[in-house]
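In my numbering, the protein residues as written are 1 to 118.
For glycine and all other residues, C-beta sits at the position ideal for the given N, C-alpha and C.
So the structure is just underneath, and the comments pick up after that.
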């Protein structure tokens, strides 16, 4: 019996705004928007999507799950994301870590990694 991964669901205060922020960040498209939530996916429709649903509860602690993103230019990308509402955060990573930890406008942490080699 085959099981496939469809989407990662993320609870947020404003599903439409969060979906659009992540769609712009990833170069993805908003593919559905309903009372259930808002979904974004890569333009070619492949891979796992992100599905944003409404919650009235504010985020209270560090994520137990986070996204790792590769960037062609890690520093410039981090700066652009901060200008768009992300925040650099210290979650205990070492000063010489090869990744940058950021928090999206809803408070969800994610890591910005250096480009993959090869």
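Rounded separation between residue 78 and residue 19 - CA only: Reading the chain shown from its first residue, position 78 is the one you call residue 78. Reading the chain shown from its first residue, position 19 is the one you call residue 19. CA-CA distance, residue 78 to residue 19, rounds to 19 Å.
Endpoints, the beta strand (DSSP E) within which residue 9 is located: Indexing the chain shown from 1 puts residue 9 at position 9. Per DSSP, residue 9 is one residue of the beta strand (DSSP E) stretching across 7-12.
Which residues DSSP lists as bridging residue 66, in chain order: To locate residue 66, count along the chain shown from 1; it is residue 66. In DSSP, residue 66 forms no bridge with anything.
Exposure of residue 70, with buried meaning 16 or more beta-carbon neighbours within 10 Å: Stepping through the chain shown from its first residue, residue 70 is reached at position 70. By the neighbour-count rule (16 or more Cβ atoms within 10 Å), residue 70 is not buried but exposed.
Sufficient close CB pairs (3 or more, under 8 Å) joining the region 44-53 to the region 84-98: Note that the region 44-53 does not touch the region 84-98; fewer than 3 beta-carbon pairs, one per stretch, sit closer than 8 Å.
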